[in-house]
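Notes to accompany the following structure.
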Amino acid sequence: MTIRPQYGHFINATFVDPVNGNYLDSINPDDQSVVTKIAAGSAEDVDKAVAAAKAASAAWADMRPLERGKIIARVGRMLEERMEEFCAAESAEMGVPGMGAFGAMATASNYFQYYGGIAASLQGEHIPVGPEQHSYTVHEPYGVVGVITPWNAPLNQACRGIAPALAVGNTVVHKPSEYTSATALMFAEMAVEAGLPEGVLNVVTGAGAEAGEALVRHDDVGKIAFTGSVRAGREIGKIAADKIMPVTLEMGGKSPDIIFEDANLEAALPGALFAFVANSGQICLAGTRILVQRSIVDTFSEMLAAAAKKMPIGRDAPFPSLGPIANEVQFNKVLDYFKVAESEGAKLVTGGKRAEGNGLENGFYVEPTIYVDVTNDMRIAREEIFGPVGVIIPFDTEEDAIAIANDTNYGLAAGLWTRDVSRAHRVSAKLQAGQIYVNYYLESGVEHPLGGYKQSGIGREKGVMALKQYTQTKNIIIKI
Ligand code: NAD
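Quick note: the sequence shown uses my numbering, first residue 7, plus one each step.
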C-alpha cells in the first residue's frame, strides 16, 4: 500500500470525488515536492460522510462489544504488519525521518489493539435503592463522532481518538489535517480490508474552516474529539456550545521541565534535550521551558547547548536525526520566533536559524535552538513555538520552580528531575498539568490518561478513562 497520486474522500468504504471538484497539494517538507493531492472538502462532502456514518451506526452499536473489539484489534495488527509502508508515507508527508516515524506509528497500532482488547470491559452499574425499584446504568454511544486531528503526528493522533470512539459503538467521520491526510486515507481503506464494516470509519479531507467547521456544525454529529491549536479549539467550543454538544479538546502546551540541583545530570541532560527536540519540537507535550536551579544553570546550559549542536539534521543523517518542520506556514512561524527572541533580549547559545548543508537546501529545516537569560514573561516563554526551541529559565528554590512552572495559560505536561523522592511527590502534587514525568520526559504508552489543565484542553484521551468519554450514561429505573 503506497500513497496514491490523488485521493477523494473515503465514504462508505469507497473513494469519492469532492462535490466541488477541487484538490489541494500535499507537500513534502524535505524537498517541497508534491506527495499527493487531497480532496478540498466542503459542507456537501461532510453531509455525505455523516449520512454514511449515521446509516452504519445502529448495526455497529448493536454488535456484541467482544466481536466489535476483535475487529478493532485486527485493524491494529494489520497496521503493525504494514508499518514500513505507513512510516514511509508519513515521512514523505510530514517529514519525520524514517526511523523516527516508527515510534508514533507503533503507538497508532497500539491504540487499536488496546481499545479492541478492552471494548467489552465497559460496564454499567446497579444502584441499590431497596426492593421496590431496580435501578441500573448503561453507557451508550453518541452515534456519529467527528474526530479532527493535526499534522504533527498524523496517524497517531487520529488513532487516539478513532479507536476508543469505535470501541464503544460510535461510527466516525475523521477530518485529518489538510497538510497530512494521506495516511488517514490509507488507514481507513486498510481498516475495511481488516473487517471494519462500510460506513463505520469515513474520512473527509480539506481545510479546517470548511470541512472541519462543517463537521462540527452538522446536526447529526453527537460529539467532537479535537486535537490541535487553542485557536481552533476555541472556535469549535463556541459552535459546540450553541449545539449543546460535548467536546474533547486536546490542545497545545508550553510545558516546564524542572532540573533540580540534586538531579542525576547524566540522565537529565539527554532527557531535557529529547523533551524539546523530539519530532523537531512539534509535540504538544514538548518540554520547552527548561527551569534550572541557579547553582547549576551555567554548567547545565553549556552542556545542553553542546549536545544540541551535535544533533544530526536531515532525513539521511544518522538516527536520531532532526527532520524538517512539517510545513511552510509552521516553518515561517518558527523563524519569526527567532526574531521575537532577539527583540526580547534573550541570549542565543545555539541555533536560532534555518539549518543549512548538504541536502537541506529545499527543506524546512531549522537548527535546534537554546536561549538563556530568559524570563517567564517573555513571549518565547509564554507562547507555543512548535519547533526545536528550548528556553532556559533559572530558579532559586523549590517554591520558585513551582510558581514559574505554573505561571502559564497552558497545563498539558510537566517534567521534573530530582533524586529526592519526597520532593518528587511534593512538586508533582503542586504542578498544574495533566501529565507529570519524574526523571524522564515524554510518555507514549496508550494506557496513561492524557489531557490538559487550563487552556491545554477539556476531557481526557488515552487509557480506560477515554472509553467513557465517548459514551453518554443512561439510568433505567424499574418499579418492582
Ligand atoms: P490546528 O488547530 O490549526 O488544526 C488542527 C485540525 O483542526 C486540522 O485538521 C484543521 O484543519 C482543523 N481546524 C482548524 N480550524 C478549524 C475550525 N475552525 N473548525 C474545525 N476544524 C478546524 O492545529 P495544527 O497546526 O494542525 O496542530 C498543531 C497544534 O496541535 C499545536 O497547538 C499542538 O500543541 C496541538 N496538538 C495537541 C495535542 C494534544 O494531545 N494535546 C497533540 C498534538 C498536537
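Using N, Cα and C, we set each Cβ at its ideal position, and we do this for glycine too.
Below 8 Å on the Cβ atoms is my contact criterion, and I expect residue i with residue j to pass it. Report the Cβ-Cβ distance as a whole number of Å.
i	j	result
residue 242	residue 222	5 Å
residue 292	residue 282	5 Å
residue 234	residue 257	7 Å
residue 251	residue 228	7 Å
residue 261	residue 328	That belief does not hold up - the Cβ atoms of residue 261 and residue 328 are roughly 19 Å apart, past 8 Å.
residue 259	residue 418	3 Å
residue 372	residue 120	Rounded, the Cβ-Cβ distance is 35 Å, inconsistent with contact.
residue 13	residue 188	7 Å
residue 217	residue 181	5 Å
residue 212	residue 184	6 Å
residue 98	residue 41	5 Å
Can you look up residue i in the DSSP assignment and give me helix, strand or coil?
i	result
residue 431	helix
residue 245	helix
residue 38	coil
residue 97	helix
residue 412	helix
residue 295	strand
residue 285	helix
residue 189	helix
residue 267	coil
residue 141	strand
Can residue i and residue j be called in contact, C-beta distance under 8 Å?
i	j	result
residue 326	residue 106	yes
residue 161	residue 111	yes
residue 433	residue 296	no
residue 355	residue 331	no
residue 201	residue 125	no
residue 369	residue 31	no
residue 118	residue 78	yes
residue 168	residue 178	yes
residue 142	residue 478	no
residue 35	residue 333	yes
residue 380	residue 352	yes
residue 345	residue 226	no
residue 28	residue 49	no
residue 159	residue 81	no
residue 204	residue 19	yes
residue 385	residue 348	no
residue 473	residue 170	yes
Between the options, which has its C-alpha nearest residue i's C-alpha?
i	options	result
residue 114	97, 444, 482 and 89	89
residue 364	320, 473 and 177	320
residue 214	226, 232 and 206	232
residue 391	75, 445, 402 and 335	335
residue 268	425, 50 and 480	425
residue 94	118, 10, 310 and 265	10
residue 442	264, 280 and 379	264
residue 471	479, 150, 378 and 128	128
residue 68	206, 460 and 437	206
residue 239	351, 151 and 156	156
residue 83	123, 423 and 204	123
residue 416	459, 379, 405 and 132	459
residue 420	19, 314, 353 and 436	436
residue 224	309, 56, 99 and 195	56
residue 249	266, 345 and 219	219
residue 400	389, 388, 382 and 412	382
residue 314	357, 299 and 194	357
residue 280	176, 197 and 395	395
residue 64	176, 91 and 96	176
residue 70	53, 19 and 146	146
residue 484	60, 47, 135 and 40	135
residue 290	140, 463 and 186	463
residue 423	316, 413, 270 and 384	270
residue 468	299, 165 and 406	165
Should residue i be counted as a contact of the ligand MG given a C-beta to heavy atom distance under 7 Å?
i	result
residue 156	The model depicted lacks the ligand MG and carries the ligand NAD instead.
- Sequence ranges, beta strand (DSSP E) only - wholly within the region 380-406, length at least 3: Runs of the beta strand (DSSP E) lying entirely within the region 380-406 and spanning at least 3 residues, in chain order: 395-401.
- Task: Scan the region 147-182 and note each continuous beta strand (DSSP E) run of 3 residues or more that stays entirely inside, going in chain order.
- Result: Counting only runs of 3 or more residues that sit fully inside the region 147-182, the beta strand (DSSP E) segments are 150-154 and 177-181, in chain order.
- Task: Could you tell me which uninterrupted alpha helix (DSSP H) segments, each at least 4 residues in length, are contained entirely in the region 104-139, listed from first to last along the chain?
- Result: The qualifying runs are 104-123.
- Query: Where are the beta strand (DSSP E) runs, 3 residues long or more, that stay fully inside the region 329-373, in chain order?
  - Reply: Fully enclosed beta strand (DSSP E) runs of 3 or longer: 353-356.
- Message: To test your reading of the DSSP string, which unbroken beta strand (DSSP E) runs of 3 or more residues are found completely within the region 39-82?
- Response: The region 39-82 contains these whole beta strand (DSSP E) runs: 40-45.
- Counting only runs of 3+ residues fully inside the region 203-232, write out the beta strand (DSSP E) ranges in chain order. Here the runs fully enclosed are 207-209.
- Enumerate, from N- to C-terminal direction, the unbroken beta strand (DSSP E) stretches of 3 or more residues contained entirely within the region 427-471. Counting only runs of 3 or more, we get 441-444.
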